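Participant: Questions regarding the structure given below will be posed in turn.
Residue numbers (this note's numbering): -6 to 387.
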């Protein structure tokens, strides 16, 4: 695959000018959390070499839909700006070539089952840290190496269940529900990037690399806010509340005449503006709704009041009108509407290559060193000869 990029922060360049230019990352990860992390690094200038086994990253086949043969859109979503090489780490030659790549690498990212690198004679403590003392080794696993769940495989939905996220997502009618995107995988990828950059910053002082570990389980627990603090304070186990916020009201989705809107009122002033806009100014003085704690205690009555007031209204009109007066509100957009959203286009949130690839752009906007989109997602092993010819020549 090849092509020019359109609709980007910095267009398509030769590389070498992003904020992470000069950083070499060897990416042994596959599926989602690791590849998402390394795509973030790649978008901001790092050279990322994706090392795949002979059968390839399994998500290459997670389709339809497919970009082209061997590149499912699922794979394409988190693997741009990378070079793909094929190595069989189960054999001596593959391991030797990996060590060649690591000789001048800054970062190694992997999400193998715990113990895999040690089995291949590539363990961090015994081998890699000794041979490459400046190397930052990022390990992403489901549950870590030890403990009751240590070494077990981790999948997003399983961790959403184990870490409590599903217990607070859903309604009494639906029961516990998985968040409709791989939230834990992607949060883990973000935390991997945080850890890598912290380790690189510290290396500037010490001259030493270190091992960075993040697990899906830990990351799933880390985002249980405000449910964990609420439990610590009250001892009450959080319940399914649908779209209602456990601490704030009105903070939920509400019906209008043409669809639902999300209204998130954070203070009494916003509530008064909401009531004024909807033609029910007296509600702001109603003792049942005077303070946030009162509104939380009378959610059903408050919901009926607001939905009755919006029964003949258009969702988009309500959202625009409330936002204009400082009351946070949004119409619930489907994906096609988000792609065409004027503000998403203004924010340059999508990347296109002339060969048909489209992707979500980096949400991090840098004033001097913006993200750059150099390479579309690679074919399996597309750069093997190029990478190792350069290495051997060098």
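Backbone N, C-alpha and C fix where the C-beta goes; we use that ideal spot for every residue, glycine too. Keep in mind that this is a model prediction, so the values were computed, not measured.
Decide if residue 225 is buried, meaning its Cβ has at least 16 other Cβ atoms within 10 Å, or exposed.
Facilitator: exposed
Participant: Which complete alpha helix (DSSP H) runs does the region 273 to 322 hold, if anything under 4 residues is left out?
Facilitator: 285 to 290, 292 to 302 and 308 to 317
Participant: Per DSSP, residue 134 is paired with what?
Facilitator: 208
Participant: Secondary structure at residue 404, three-state DSSP: helix, strand or coil?
Facilitator: Nothing can be reported for residue 404: it is not among the residues displayed for the chain, which extend from -6 to 387.
Participant: Use the C-beta contact count for residue 174: other C-beta atoms within 10 angstroms, 16 or more gives buried, fewer gives exposed.
Facilitator: By the 16-neighbour rule on beta-carbons within 10 angstroms, residue 174 is exposed.
Participant: Short of 7 Å in beta carbon distance, which residues of its chain neighbour residue 219, apart from the five on each side in sequence? Order them along the chain.
Facilitator: 239 and 240
Participant: Report buried or exposed for residue 387, applying the criterion of at least 16 other Cβ atoms within 10 angstroms of its Cβ.
Facilitator: Confidence at residue 387 is low in this model, with a pLDDT of 49, below 50, so the placement of that residue is unreliable and no value is reported for it.
Participant: Quick one: give me the first and last residue of the alpha helix (DSSP H) that residue 178 is part of.
Facilitator: Counting along the chain, residue 178 sits inside the alpha helix (DSSP H) bounded by residues 176 to 199.
Participant: Who are the near neighbours of residue 40 in its chain, counting only those whose CB is closer than 6 Å to its CB and skipping five residues on each side?
Facilitator: 17
Participant: Using CA coordinates, which residue listed in 11, 37 and 78 is at the minimum distance from residue 377?
Facilitator: 78
Participant: Could you tell me if residue 312 is buried or exposed, where buried requires 16 or more neighbouring beta carbons within 10 angstroms of its beta carbon?
Facilitator: buried
Participant: Specify the secondary structure class of residue 357 as computed by DSSP and reduced to three states.
Facilitator: coil
Participant: When DSSP builds the beta bridges, which residues end up paired with residue 59?
Facilitator: 65
Participant: Could you give the first and the last residue of the continuous beta strand (DSSP E) run that contains residue 345?
Facilitator: 343 to 346
Participant: Give the list of continuous alpha helix (DSSP H) stretches no shorter than 4 residues that lie fully inside the region 72 to 125.
Facilitator: 85 to 95 and 109 to 112
Participant: At which residues does the beta strand (DSSP E) containing residue 230 begin and terminate?
Facilitator: Run containing residue 230: none; DSSP gives neither H nor E here.
Participant: Would you kindly work out how many angstroms separate the C-alpha atoms of residue 5 and residue 357, rounded to a whole number?
Facilitator: Any reading at residue 5 must be qualified, since the residue scores a pLDDT of 40, below 50, and its modelled position is unreliable; the value itself is stated next. In a straight line, the C-alpha of residue 5 is about 17 Å away from that of residue 357.
Participant: Going by beta-carbon coordinates alone, are residue 193 and residue 157 separated by less than 9 Å?
Facilitator: Remark: C-beta atoms of residue 193 and residue 157 do not approach each other more closely than 9 Å.
Participant: Output yes or no for whether 9 Å exceeds the beta carbon distance between residue 325 and residue 242.
Facilitator: no
Participant: Indicate whether the contact test is met: 3 or more Cβ pairs, each with one atom in the region 58 to 76 and one in the region 97 to 115, closer than 8 Å.
Facilitator: They do not touch, by the three-pair rule.
Participant: Is the region 109 to 121 in contact with the region 175 to 191, if contact means three or more CB pairs nearer than 8 Å?
Facilitator: no
Participant: Within a Cβ cutoff of 6 Å, which residues of the same chain sit near residue 245, ignoring the five residues on either side of it in sequence?
Facilitator: Cβ neighbours of residue 245 beyond the five flanking positions: 236 and 237.
Participant: Spatial neighbours of residue 291 within its chain, please: C-beta separation below 7 Å, excluding the five flanking residues on both sides.
Facilitator: 281 and 282
Participant: Could you check where the alpha helix (DSSP H) with residue 256 kicks off and where it finishes?
Facilitator: Counting along the chain, residue 256 falls outside any alpha helix (DSSP H), though it belongs to the beta strand (DSSP E) covering 253 to 257.
Participant: So, using beta-carbon positions, are residue 69 and residue 350 closer together than 9 Å?
Facilitator: yes
Participant: Taking the CB atoms as reference points, tell me whether residue 177 and residue 212 lie closer together than 9 Å.
Facilitator: yes
Participant: Measure the CB-CB distance between residue 37 and residue 15 and report whether it falls below 9 Å.
Facilitator: no
Participant: Hey, how far is the Cα of residue 263 from the Cα of residue 166?
Facilitator: 31 Å
Participant: What did DSSP end up calling residue 216 once you bin it into helix, strand or coil?
Facilitator: coil
Participant: Note down, in chain order, each residue of its chain lying with its Cβ closer than 8 Å to the Cβ of residue 163, except the 5 sequence neighbours on either side.
Facilitator: Within the same chain, residue 163 has close Cβ partners 169, 170, 233 and 235.
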